[in-house]
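Residue numbers (the working numbering), protein chains in the order written: chain A, 76 to 590; chain B, 3 to 135.
C-beta atoms are modelled at their ideal positions from N, C-alpha and C, and glycine is treated no differently.
Quick notes on the structure that follows.
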Amino acid sequence: MSRFRTLGGLPLENHYGEPAPGEFPYVRGIHPGMYRDRLWTMRQFSGFASPEETNERYLYLLKQGQTGLSVAFDLPTLMGYDSDDGIALGEVGKCGVPVSSLEDMETVFRGIRLDEVSVSMTINSPANILWAMYLAVAEQQGVPWAAVQGTLQNDILKEYIAQKEFIYPPRPSMKLVTDVIEYSARHTPKYNPVSVSGYHIREAGSTAAQELAFTLRDGLEYVDWALERGLAVDEFAPRLSFFFNVHNDFFEEIAKYRAARVLWAETMRGRYGAREERSWKLRFHTQTAGCSLTWQQPYNNVVRTAIQALAGVLGGTQSLHTNSLDEAYALPGEEAVTLALRTQQIIAHESNVTAVADPLGGSHFVEELTRRLKEEAGAYIARIDAMGGMIPAIERGFPQAEIASASYRYQREIESGERIIVGVNGYAQAEERPLELLRIDEAAGERQVAKLARLRRERANGRVRAALDELKRAADEGRNTMPEVLEAVKAYATVGEICGGLREVYGSWTETAVL
Amino acid sequence: MSQRIRVLVAKPGLDGHDRGAKVIARGLRDAGMEVIYAGLRQSPEMIVNAALQEDVQVIGLSILSGAHNAIVPRVLGLLREKEMDDVAVIVGGTIPDGDAVELKKQGVAGVFQPGAPLEEIAGFIRRWIEGGR
């Protein structure tokens with residue numbers, strides 16, 4: 076007798092109707108048994124103040140039953156600056172953990188075995204450096220690289236499109252991304268070297284169809300560059316992963332994931348001739364929409380997040396981050412982040428939505444929405460193809476302008492009252508209960524600066540200089556830079572020094588703003 | 003006919019999340035103001051220089067990264083140094099209530115937290131300018 080039953084005892088099948096989940100093009104999910112076989116990974120994005128405090132939070136989250144880690148870096152690190160750079164003033168440890176050298180990375184993962192937990196790292200322009208540090212920590216722990224699991228965001232295209240954390244111009248950035256993809260294909264078979272991200276595109280104000288289209292088109296750009304590098308599609312495509320937003324429109328979001336799987340599978344098989352089934356399957360992480368959270372009546376955010384998370388699960392996500400109720404204000408406090416994790420656990424263990432794969436498949440409405448989103452995204456992809464790919468499209472500001480217009484339209488709808496946001500332009504309250512917020516200790520930044528001063532004094536500076544020179548030479552000659560980046564981080568060269576060296580070779584990028 | 007109000011919108015600091023800044027820039031433009039959008043990663047010096055060159059009456063700063071207490075006082079200080087105290091500085095973003103009070107004490111004209119309607123911001127600027135402040 077099946078252990079899958081309704082609360083009242085009715086037996087449940089794996090799925091209802093045709094096609095079956097796990098069948099090409101995977102509209103109903105990439106695994107035949109979906110959550111019956113394996114729940115999604117509950118992975119809360121976190122990092123703040125200092126490597127020490129972040130390490131403590133990770134140990135706490137693992138103890139609470141979280142099944143994966145996800146590292147948030149602070150803005151200086153994301154932009155390739157050290158904690159003691161003048162430009163980092165006031166920003167060290169504010170939006171994530173500062174990691175300036177291998178020493179900081181060692182602290183972040185103290186007491187956490189890298190073959191026992193999969194770790195996602197949200198880092199883009201300096202992704203090659205932070206990944207090298209991660210591999211160096213694995214080596215110190217005696218963990219073979221072949222056993223290292225996890226995901227590097229390493230998606231630079233969406234930075235030019237939406238989040239704007241870029242350092243170098245697009246083409247050299249793409250070269251560095253491809254270095255990581257190539258090196259990963261050779262050395263870390265269980266690691267995802269890119270997480271092609273729609274999340275930030277959506278947060279910047281895009282529609283669901285734009286998020287879908289620009290993300291998949293970015294993915295194709297990485298495929299093209301890796302092929303150009305001489306890799307075979309089936310060597311790297313199985314390790315490409317995706318990251319989507321889940322916003323408020325419940326059914327549209329579910330349809331978006333269904334359409335994404337079909338578009339990717341068809342393109343990988345049809346356009347690129349991928350032969351391995353794993354190359355066709357779009358695996359994705361989901362995060363609830365930060366931009367949907369409100370400052371007003373913050374407890375309402377728990378409800379929004381729960382509904383969004385449910386849509387992610389009904390859409391077949393492989394891992395999930397649920398936002399905390401206080402994130403319109405600040406990085407989440409411990410109580411808030413625990414409640415966000417509990418939200419996922421309630422969906423997973425109490426709602427019984429995990430018993431049947433793609434429960435909405437066959438609904439006239441959801442099938443039609445899936446078809447429409449696929450069509451709309453396909454049309455965008457064709458337009459970008461006609462522009463010569465994503466880089467020319469970015470250079471002419473095409474995705475940026477589409478997103479800016481969509482975001483302004485959305486704001487106008489709120490202003491006119493056509494769209495109601497509960498607690499903001501409807502059902503507002505004068506008196507509100509104040510939240511207990513996480514405050515980042517200003518001294519954390521000062522401690523980072525002191526630690527770096529000591530590191531710069533004590534390390535073998537001759538080795539650092541030699542490693543940086545060799546790295547610049549490799550970049551200049553167009554070789555894969557990963558071996559040189561690894562040597563530099565092991566010599567305790569800092570993120571700022573390494574990015575600085577590469578900036579000398581590649582130059583830096585300033586965007587022309589599109590309003 | 004009165005002259006159009008001139009506003010500089012800028013994003014100081016390292017953060018690149020410019021959705022809010024762009025929406026505000028567009029909204030103020032639609033409200034009839036002359037908007038100069040300075041864009042991302044503007045240092046306090048760059049912002050004040052641009053404000054001088056563009057001869058604006060208002061500087062709008064969008065900050066979501068928590069770095070407002072380090073950045074805003076430097077902008078205010080530079081404005082005083084250059085005797086541009088008559089330029090109104092308004093700040094938008096994730097600014098906690100206590101910090102908003104403190105920033106206003108230091109000379110910020112207005113602080114707008116998430117959810118503030120465009121109309122309210124445009125109205126505030128108009129009243130500030132008409133009040134001859």
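State the beta-bridge partners of residue 91 (chain B) as determined by DSSP. B:61
So, is the C-beta of residue 46 (chain B) closer than 8 Å to a C-beta in chain A? no
How many Å lie between residue 236 (chain A) and residue 118 (chain A) at the Cα? Their Cα atoms are separated by approximately 25 Å.
Please return the same chain residues whose Cβ sits closer than 8 Å to the Cβ of residue 414 (chain A), not counting the five positions on each side in sequence. 377, 399, 400
With DSSP collapsed to three states, give me the class of residue 89 (chain A). Coil at residue 89 (chain A), not helix or strand.
Mind reading off the beta-carbon distance from residue 293 (chain A) to residue 524 (chain A)? Whole number of angstroms is fine, and I expect it under 8 Å. Contact between residue 293 (chain A) and residue 524 (chain A) does not hold, since the beta-carbon distance rounds to 36 Å and is not under 8 Å.
Are the stretch 464 to 478 of chain A and the stretch 262 to 275 of chain A touching by the rule of at least three beta carbon pairs closer than 8 Å? no
Using alpha carbons as the reference points, say which of A:218, A:188, A:179, A:221 lies closest to residue 204 (chain A). Considering only alpha carbons, the answer is A:179.
Nearest by alpha-carbon distance to residue 359 (chain A): which of A:318, A:339, A:384 is it? A:318
Can you check whether the CB of residue 226 (chain A) is closer than 8 Å to the CB of residue 295 (chain A)? Taking 8 Å as the Cβ cut-off, residue 295 (chain A) and residue 226 (chain A) do not qualify as a contacting pair.
From the DSSP output, in three-state form, read off residue 39 (chain B) for me. strand
Cβ of residue 564 (chain A) within 8 Å of Cβ of residue 207 (chain A)? yes
8 Å Cβ cut-off: residues of chain A touching residue 67 (chain B): 150, 166, 169, 170
Mind reading off the beta-carbon distance from residue 243 (chain A) to residue 583 (chain A)? Whole number of angstroms is fine, and I expect it under 8 Å. 6 Å
Count Cβ pairs between the stretch 425 to 441 of chain A and the stretch 140 to 155 of chain A that sit closer than 8 Å; are there 3 or more? With the cut-off at 8 Å, the stretch 425 to 441 of chain A and the stretch 140 to 155 of chain A do not touch.
Identify each residue in the stretch 90 to 110 of chain B for which the Cβ-Cβ distance to at least one residue of chain A is less than 7 Å, and report them in chain order. Against chain A - using a Cβ distance shorter than 7 Å - the residues of the stretch 90 to 110 of chain B are 96, 98.
What first and last residue would you give for the alpha helix (DSSP H) that runs through residue 271 (chain A)? From DSSP, residue 271 (chain A) is part of no alpha helix (DSSP H) but of the beta strand (DSSP E) over 269 to 272.
Where does residue 118 (chain B) sit, in a helix, a strand or coil, going by DSSP? coil
How about residue 62 (chain B) and residue 11 (chain B): are their beta carbons less than 8 Å apart? yes
Contact check, residue 120 (chain A) vs residue 145 (chain A) under 8 Å by CB: the rounded distance? 4 Å
Quick one, which of A:143, A:129, A:408, A:201 has its alpha-carbon nearest residue 570 (chain A)'s? A:201
For the stretch 216 to 235 of chain A, enumerate the residues whose C-beta is nearer than 8 Å to any C-beta of chain B, in chain order. So the close ones are 234.
Mind listing which residues of the stretch 346 to 377 of chain A have their C-beta closer than 9 Å to chain B's C-betas, in chain order? 366, 368, 369, 370, 371
Name the residue from A:251, A:266, A:254 whose alpha carbon lies nearest to the alpha carbon of residue 223 (chain A). A:266 is the residue among A:251, A:266, A:254 whose C-alpha sits nearest the C-alpha of residue 223 (chain A).
Residue 326 (chain A) to residue 410 (chain A), Cα distance in whole Å? 30 Å
Contacting positions in the stretch 512 to 526 of chain A - beta carbon closer than 8 Å to chain B: 512, 515
Any contact of the stretch 35 to 46 of chain B with the stretch 575 to 582 of chain A, i.e. 3+ C-beta pairs under 8 Å? no
Best match in A:298, A:374, A:175 for proximity to residue 349 (chain A) [C-alpha to C-alpha]: A:298
Output yes if chain A places a C-beta closer than 8 Å to the C-beta of residue 42 (chain B); else output no. yes
For residue 192 (chain A), three-class secondary structure by DSSP: coil
Against chain B, does residue 490 (chain A) count as a neighbour if the rule is that its beta carbon must be under 8 Å from one of theirs? yes
Would a check of beta-carbon distances place residue 119 (chain B) closer than 8 Å to chain A? Yes - at least one Cβ of chain A is within 8 Å of the one on residue 119 (chain B).
Terminal residues of the alpha helix (DSSP H) in which residue 53 (chain B) lies: Going by DSSP, residue 53 (chain B) is part of the alpha helix (DSSP H) stretching over 46 to 56.
Is the CB-CB distance between residue 105 (chain A) and residue 291 (chain A) below 8 Å? Pairing residue 105 (chain A) with residue 291 (chain A) gives a Cβ-Cβ distance that is not under 8 Å.
Excluding the 5 residues flanking residue 589 (chain A) on each side, which residues of the same chain have their C-beta closer than 7 Å to its C-beta? Correct list, in chain order: 472, 475, 476, 479.
Counting only beta-carbon atoms, is residue 153 (chain B) nearer than 8 Å to chain A? Within the shown structure, residues of chain B are numbered from 3 to 135, placing residue 153 (chain B) beyond reach of any answer.
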